[in-house]
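>
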Amino acid sequence: MKNLSLIMGLLALAFSLSTFAKDQQKIANANVAPPVINGSSWLLIDSDSGATLNAGDPDMQIEPASLTKLMTAYIVFRELAEGRQNLDDMVFISEKAWRMEGSRMFIKVNSRVKLEDLIKGMIIQSGNDATVALAEHVAGTEESFVSLMNKVAAELDMQGTHFVNSSGMPGEGHLTTASDLAKLTRALINQFPQYYKYYSIKEFTWNNIKQGNRNLLLYRDPTVDGVKTGHTESAGYCLIGSAEREGMRLIAVVTGAESKLARAEMVQNLLNYGFRNYITREVYPAGKLIQNVDVYKASSNFVAVESADKISLTVPRRGSSELTQTVTIPDYVTAPVDRGQVLGNIEFSVQGTTLGKYPLTATTNIPEGGIVDQLIGTVMLWIESFQAEF
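Residue numbering for the sequence shown is 1065 to 1454, as defined by my numbering.
#1: Measure the C-alpha to C-alpha separation of GLY1351 and LEU1325 and round it to an integer number of angstroms.
#2: Tell me where the beta strand (DSSP E) around VAL1401 begins and ends.
#3: Can you pull the DSSP bridge partners for THR1418?
#4: Measure how close the beta-carbons of LYS1184 and TYR1262 come, nearest whole angstrom, since I'm counting them as under 8 angstroms.
#5: Indicate the three-state DSSP secondary structure (helix, strand or coil) for ASP1221 in the structure shown.
#6: What first and last residue would you give for the alpha helix (DSSP H) that runs through ASN1333?
#7: Taking only the alpha-carbon atoms, compute the straight-line gap between ASN1409 and VAL1379 and give it to the nearest angstrom.
#8: Under 8 angstroms: do the segment 1305-1323 and the segment 1213-1231 share three or more Cβ pairs, one atom per stretch?
#9: Classify PHE1156 as buried or exposed, calling it buried when 16 or more other Cβ atoms lie within 10 Å of its own Cβ.
#10: Would you report the Cα separation of LEU1282 and ASN1254, rounded to the nearest angstrom?
#11: Which residues bound the beta strand (DSSP E) around ASN1118?
#12: Along the beta strand (DSSP E) that carries GLU1165, what are the first and last residues, could you check?
#13: Would you call ILE1171 buried or exposed, if buried means 16 or more other Cβ atoms sit within 10 Å of its Cβ?
#14: Grouping DSSP H, G and I as helix and E and B as strand, with all else coil, what is GLY1185?
#15: Name the DSSP bridge partner or partners of TRP1475?
#16: Can you name the start and end residues of the beta strand (DSSP E) that LEU1108 belongs to?
#17: Could you check the C-alpha separation between GLU1322 and SER1208 for me, to the nearest Å?
#18: What does the Cβ neighbour count give for ILE1109, buried or exposed, with the cut at 16 atoms within 10 Å?
#19: Please report how far the alpha carbon of ILE1315 lies from the alpha carbon of THR1442, in whole angstroms.
#20: Would you be able to state if there are at least three C-beta pairs under 8 angstroms between the segment 1159-1171 and the segment 1131-1143?
#21: Identify the residues that DSSP records as bridge partners of ASP1358: which are they?
#22: In whole angstroms, what separates the C-alpha of TRP1446 from that of TYR1360?
#23: Evaluate SER1243 with the Cβ neighbour count: other Cβ atoms within 10 Å of its Cβ, from every protein chain shown; 16 or more gives buried, anything less gives exposed.
#24: If contacts are defined as beta-carbon pairs under 8 angstroms, then VAL1367 and ILE1430 qualify, I think. What distance do you get, rounded to the angstrom?
#25: Of all the options THR1319, ALA1426, THR1344, ALA1372, which has the alpha carbon lying nearest to the alpha carbon of ASN1102?
Right, here's the structure in full:
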């Protein structure tokens, strides 16, 4: 029965991969050359798979300007998702928040503003005053909030990032990279889709002052639904754009452009390039049973391993798209085994290029067996060791 189960699993695996490969051959349009980007750095990634589709100096440190507000939003969204804040909370507006320079929501000092309105003021109007008010509400002071920003940046593996404020005003040591901004944007979209909707709103009125979203792509391309603009004299014009077409979502980052129009055109060109040249499909859902692993010293003879997370792959639309997959798991493991314990991995490649390596985890707990199971397991381990030597 164990061998039959293994064979059936492998047949299902092969069928899934065959279906995925056939999908890639349906595209008839020829590939186009990458666009010319005249910026400090840029990056185009697929949101599901994380694959890099085009890049230019993505790890170079740059000033993030108002792209900083993405981290402020990420933390506020996490607070909301985990129940520590509520959209209807009334937030006190300090003098510090009220006095912020640059782009503003025009909130009044010593007033109270609904948290959701401050989110809109920060995202749509890029209000530095709204941003500081949110930071103070979450952490007590902006300084404490900045410490939290850097802690979360480390959690997201944003190795080239260091924040000194919550809004993106120029400051010594206030730096990030296009790679880190893409990681942050991907995390924000994938983890908080219920709040990402604010980035597609085109205008917001507060204090009788209507301000439009500075992301020009929202007005040009109906598939674009975010994300954020930024500009200071030293940072230049920056833009992160994201679009979804036919179930595929891309994220494009451009920094250091010469104008608002230039940043919009370059991000649009990157998005178009990605959609025309690549396709992303889900290969396995999270929890897909892949194979069984023998277990010694347990009452159960084996434990199944599964894909820990959904596996999506991005491949070129033209040319050979035949997937090669390699499952690496041990011949056996020794009890106890914990549910979720990583026991191996599955790796995919196309034309010799690795697309990604993904962990395979145990589907259930396997405790140590009784005396008889322990004895049989010891004998089996001795046999395995003997066979290995010869």
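The beta carbon of each residue, even a glycine, is placed where N, CA and C say it ideally should be.
According to the data block:
#1: Approximately 45 angstroms between the Cα atoms of the pair.
#2: According to the DSSP assignment, VAL1401 belongs to no beta strand (DSSP E), since it is labelled neither H nor E.
#3: DSSP lists SER1413 as partners of THR1418.
#4: Rounded, the Cβ-Cβ distance is 6 angstroms, consistent with contact.
#5: Here ASP1221 sits in coil by DSSP.
#6: It spans 1324-1341 - the alpha helix (DSSP H) in which ASN1333 sits, taken as one unbroken run.
#7: So the alpha carbons of these two residues sit roughly 20 angstroms apart.
#8: No: fewer than three Cβ pairs fall under 8 angstroms.
#9: Residue environment: PHE1156 is assigned as exposed (fewer than 16 neighbouring CB atoms within 10 Å of its CB, all protein chains considered).
#10: LEU1282 and ASN1254: Cα-Cα distance of roughly 20 angstroms.
#11: That run of the beta strand (DSSP E) goes 1116-1120.
#12: No residue range can be given for GLU1165, since it is assigned to no beta strand (DSSP E) and is classified by DSSP as neither H nor E.
#13: Buried: at least 16 other Cβ atoms inside 10 Å.
#14: For GLY1185, the three-state secondary structure derived from DSSP is helix.
#15: Limits of the chain in this structure are 1065 at one end and 1454 at the other, which puts residue 1475 out of reach.
#16: Here the beta strand (DSSP E) through LEU1108 covers 1105-1110.
#17: Just so you know, the alpha carbons of GLU1322 and SER1208 end up roughly 34 angstroms apart.
#18: ILE1109 comes out buried.
#19: Approximately 53 angstroms, taken between the alpha carbons.
#20: As far as the Cβ criterion goes, the segment 1131-1143 does not touch the segment 1159-1171, which means the pair count is below three.
#21: In the DSSP output, where bridge partners are listed per residue, ASP1358 has PHE1366, TYR1396.
#22: In a straight line, the C-alpha of TRP1446 is about 11 angstroms away from that of TYR1360.
#23: SER1243 is buried by the Cβ-count criterion.
#24: About 5 angstroms; that satisfies the 8 angstroms criterion.
#25: That would be THR1319, whose Cα lies nearest to the Cα of ASN1102.
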